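Residue numbers (the numbering used here): 217 to 297.
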């Protein structure tokens, strides 16, 4: 991503949406683990969604302003799990 894209993503509230996707996919993975279920109704792996969300947030975090937003959304603990 170019630095200009990082600003546009921030201005369009993409960071909170990605963080929400990260949190929800993590919660769904925990729920599925208790039921031994690996896919949702659309046959999309929540572990793939989780991985993509973390990757996107990692790239977006290259911008210092975006890092502050990510930190304030309190999703960093999920990065280290």
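For glycine and all other residues, C-beta sits at the position ideal for the given N, C-alpha and C. These numbers were taken from a predicted model, which means no experiment stands behind them.
- Excluding sequence positions up to five before and after residue 226, its CB lies within less than 6 Å of the CB of 282, all in the same chain and listed in chain order.
- Rounded to whole angstroms, the Cβ separation of residue 235 and residue 289 is 4 Å, and the two are in contact under 8 Å.
- Exposed is the label assigned to residue 284, since fewer than 16 other Cβ atoms lie within 10 Å of its Cβ.
- Nearest neighbour of residue 219 by Cα position, chosen from 287, 279, 297, 296, turns out to be 279.
- DSSP places residue 221 in the uninterrupted alpha helix (DSSP H) bounded by 219 to 227.
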